[in-house]
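There are 4 protein chains.
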Amino acid sequence: MDSPPVRAPGRPRSKKARIAILKAARELLQQGGLPAVTMEAIAQRAGVGKPTIYRTWANRYEVAMAALVDAAPETTASSRKAAPLDALRHQLRQIAALFDSALGRGVATMLIAADAESEVARAFRNRFITARRDEGRAMLREALLMGDLRGKFDPEIALDLIYGPLFYRLLMGHGGMGQDYADAIVDCLVHGLGASGKGAA
Amino acid sequence: MDSPPVRAPGRPRSKKARIAILKAARELLQQGGLPAVTMEAIAQRAGVGKPTIYRTWANRYEVAMAALVDAAPETTASSRKAAPLDALRHQLRQIAALFDSALGRGVATMLIAADAESEVARAFRNRFITARRDEGRAMLREALLMGDLRGKFDPEIALDLIYGPLFYRLLMGHGGMGQDYADAIVDCLVHGLGASGKGAA
Amino acid sequence: MDSPPVRAPGRPRSKKARIAILKAARELLQQGGLPAVTMEAIAQRAGVGKPTIYRTWANRYEVAMAALVDAAPETTASSRKAAPLDALRHQLRQIAALFDSALGRGVATMLIAADAESEVARAFRNRFITARRDEGRAMLREALLMGDLRGKFDPEIALDLIYGPLFYRLLMGHGGMGQDYADAIVDCLVHGLGASGKGAA
Amino acid sequence: MDSPPVRAPGRPRSKKARIAILKAARELLQQGGLPAVTMEAIAQRAGVGKPTIYRTWANRYEVAMAALVDAAPETTASSRKAAPLDALRHQLRQIAALFDSALGRGVATMLIAADAESEVARAFRNRFITARRDEGRAMLREALLMGDLRGKFDPEIALDLIYGPLFYRLLMGHGGMGQDYADAIVDCLVHGLGASGKGAA
DNA sequence: CGGTAAACGAGACGGTACGTCGTGTCTTTGA
DNA sequence: TCAAAGACACGACGTACCGTCTCGTTTACCG
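Chains as they are written, first to last, in our numbering: chain A, 134 to 334; chain B, 134 to 334; chain C, 134 to 334; chain D, 134 to 334.
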């Protein structure tokens, strides 16, 4: 790997170490899930001292998150020019695919286990959750502007109703995560359950 | 198979020990959250040997779950004679209150960390999740019968939209879990987002 | 004391169980040494409940000792009519052979580990040690009477010098336990080291 | 092989921890005998983690032996200028005193229980047994040179006859371990039992 | 010959110690 | 100065036996 110049192990390693750590964490995550991502395993596999890891991340969850953040595509790069609701469906399908993968559970575990206020946890949420939610919010607004949606609703609540079911099934595993599920969520929500005005509070 | 008349040989398991273990686990869960529920702490607090715990439960998550299952009320005992949608709102408020408590995170962690196929995990899901979902399904049906709802929708998807947001916020913590949140979910869903027929797939 | 007329009420102890227990203990001792002789292993192998063992023996060492006592030949049945010193050599060879076997170490361990005052420990010592020592004492006396020995010595010290070396090598393992060793001990002792009268105290 | 210039990487082992562990083991040994020397007790008393102990020693017997080796005087420092046989008597009295102490049984137990081939067991035997035996051998040789002894005998057998009785009584406990016992052994051996030439094999 | 009392098998009990693992901190050496 | 290596204190893990107890069953004797 580092054969020709044979740069002996020493000080100037900062970037290389970081990359090796994240790579090791990613591989461990894929092979054995989050429980396999131990500091010791990372250090050994990356050829790095444990203190070097702790210098950058506070605990193993942060390393795992950083590995995911590092690996994931920065943007969904949604298909431009599509109708807003179709774009929303497309995005939802992508998220469903992620949750359906082996990493899905790991994502959920991290969301729970990590310190909610840590720097990396915030970045993780930004990258994986908030960014998509922001996209979704923009899509809803556009749909209203273009007349695809005409109801009166709190967009934040609507976004919860859109993304919530995916997390629900991720946690409970009581149903599939297929593409049609993403579509069904949108359809059910935009049509509503048919309020009659009788059952209101 | 040969269950009713047969009796296992040897000394029967002690009811006292079982009760003490679950009580200790419950207290530890309330005081320090799930991380505090260690086998050693349970054993010491319950005045019980560790093997006695392992004889019944496979790991600390199972004990914690069993403690919750043991402690929780069997049924929500919803207010009878209320309008179905009001009953649904009431149930949702109760769940929100649970998730808002210190136990909320623990519940979520357990759902993730425990072996999904274990006996206790199944019981836990039945008691805490499925039972409420079943109640919700009945309420939806009743609302349709009574004319409070008139839409055409897949009830399973609708139930996901109802309960999903609570898990979403439990995981992400991006918003409150108050009583009004429960109401807002129901309202948003029954009215829908106002489909125009244009944005369909 | 009150043995003949009195008879305990209830079911008498099972001879079959006793035999099975001692057999199991003996086998375990041969296969894995003393550490393998655990109460649980004995009980399982003998098809017997642990309390049945404890009813007769106080701990695993006692069981192991009883197993040895039960297995060992009651008497050395020394060759009659042999010269006393030859008989002594013969006996010593037999003891060396025992110590050289797999059971040798177990014997030593038990002598150390068991409660020195227990009933079985005493029986064990009687059977294995004292009986042989008594035989040895008789042989010494006979040798003196017959004129084979003419020195002035304390017989108890002489007996220690005869049997001690075997235990020494059993413990330390610094030399063989062959037949010639037994002979060498007797020879060296009966001739002595050749006192000159100068080094006396 | 490459010992002198080479140095293991990483943090070197703590001398303080080693000393604390051996001190704790020694105290436990004195207070409660070998059964009291448990890894957990050592770790707690020494303020040390269990893995730190296991890093150096394989089991509690090794720790106990190391503690004794560490504590014992390197040499008996026998009284110079004494007659060789008197020096031998002196040494034997010292050993008898050790065996008579609370540590005596522990010493014997360790000799049996520990892995005979382990590094520490070898050191233990060297320090406690072989060194004294070597001293004894030298004394015998000197006594022959000086004419205090004139017999023809195998010195190794003679040494077994000298030290064996002490181990015999240590194991069997059938007699005292006093100073006069040490003297009696030497006296009996140097004079012999008085061979007549009749009882030979 | 039917009661009764003890011994039986089975195995759960409260404990203690085991030896392993992972954590997050520290100390040393080397580049 | 900082990185690797790895020892450190800590503490939970899950296992193995200990010696005791509680079951329901079996078996011999004695009234």
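Using N, Cα and C, we set each Cβ at its ideal position, and we do this for glycine too.
query, result
"Partners in chain C for ALA291 of chain D, counting only beta-carbon separations shorter than 9 Å", "CYS321, LEU326"
"ASP203 of chain B at chain A interface by Cβ criterion, 9 Å", "no"
"Members of the stretch 176-197 of chain A that neighbour chain B once the beta carbon cut-off is set at 7 Å", "none"
"Three-state secondary structure (DSSP) of ALA158 of chain B", "helix"
"Beta carbon proximity, MET305 of chain C to chain D, threshold 9 Å", "yes"
"SER251 of chain D at chain C interface by Cβ criterion, 9 Å", "no"
"Closest residue to ILE290 of chain D among C:ASP281, C:LYS149, C:VAL202, C:TYR296 (Cα-Cα distance)", "C:TYR296"
"Close Cβ partners of GLY182 of chain B (< 7 Å) along its chain, the five nearest in sequence each way excluded", "ALA176"
"As assigned by DSSP and simplified to three states, the class of LEU282 of chain B", "strand"
"Any chain D beta carbon closer than 9 Å to LYS148 of chain C", "no"
"As assigned by DSSP and simplified to three states, the class of PRO137 of chain A", "Bear in mind that a pLDDT of 37 at PRO137 of chain A, under 50, signals an unreliable position, so the model cannot answer this."
"6 Å Cβ shell around VAL253 of chain C - same chain, five flanking residues per side excluded", "GLU195, MET198, ALA199"
"ALA328 of chain D in three-state terms, based on DSSP", "strand"
"Nearest residue (CA-CA) to ASN192 of chain C, options C:LEU201, C:GLN163, C:ILE262, C:THR171", "C:THR171"
"CB contact check: ASP287 of chain D to chain C, cutoff 9 Å", "yes"
"Inter-stretch contact (C-beta, 8 Å, three-pair minimum) for the stretch 225-238 of chain D and the stretch 301-315 of chain D", "yes"
"CB contact check: ALA230 of chain B to chain A, cutoff 9 Å", "no"
"Environment of ARG222 of chain A [buried if 16+ CB atoms lie within 10 Å]", "buried"
"CB contact flag (LEU304 of chain B, PHE286 of chain A, <9 Å)", "no"
"Minimum length 4: unbroken alpha helix (DSSP H) runs contained in the stretch 241-305 of chain C", "252-258, 264-279, 288-305"
"Under the three-state DSSP convention, the category MET310 of chain B falls into", "coil"
"CB of ALA241 of chain B within 9 Å of CB of PHE300 of chain B, strictly", "yes"
"ILE154 of chain B at chain A interface by Cβ criterion, 9 Å", "no"
"Sequence-distant residues of its chain with Cβ nearer than 7 Å to ALA317 of chain B (five each side left out)", "none"
"DSSP state of THR189 of chain D mapped onto helix, strand, coil", "helix"
"Within chain B, partners of THR242 of chain A - CB distance below 9 Å", "THR242, ILE245, ALA246"
"Limits of the alpha helix (DSSP H) - the one that ALA176 of chain B falls within", "172-179"
"Distance CB(GLY280 of chain A)-CB(HIS324 of chain B) smaller than 9 Å", "no"
"Exposed unless 16 or more other CB atoms sit within 10 angstroms - verdict on PRO137 of chain A", "Confidence in PRO137 of chain A is poor, its pLDDT being 37 and thus under 50, which makes the residue's placement too unreliable to answer from."
"C-beta neighbour in chain D for ASP281 of chain C, strict 9 Å", "yes"
"Cβ separation of LEU294 of chain B and PRO217 of chain A, assumed to be a contact under 8 Å, to the nearest whole Å", "Not quite, the Cβ-Cβ distance comes to about 19 Å (not below 8 Å), so this is no contact."
"Beta carbon proximity, ARG274 of chain B to chain A, threshold 9 Å", "no"
"Short CB-CB distance (under 9 Å) between ARG151 of chain C and chain D", "no"
"Length of the line joining the Cα atoms of PRO126 of chain B and ARG266 of chain B", "The structure shown has nothing for residue 126 of chain B, since chain B only spans 134 to 334."
"Proximal residues of chain A, C-beta to C-beta of PHE335 of chain B below 7 Å", "Beyond the ends of chain B as shown, which are 134 and 334, falls residue 335 of chain B; an answer cannot be given."
"Interface residues of the stretch 254-266 of chain B facing chain A [CB-CB below 9 Å]", "ARG258, ILE262, THR263, ARG266"
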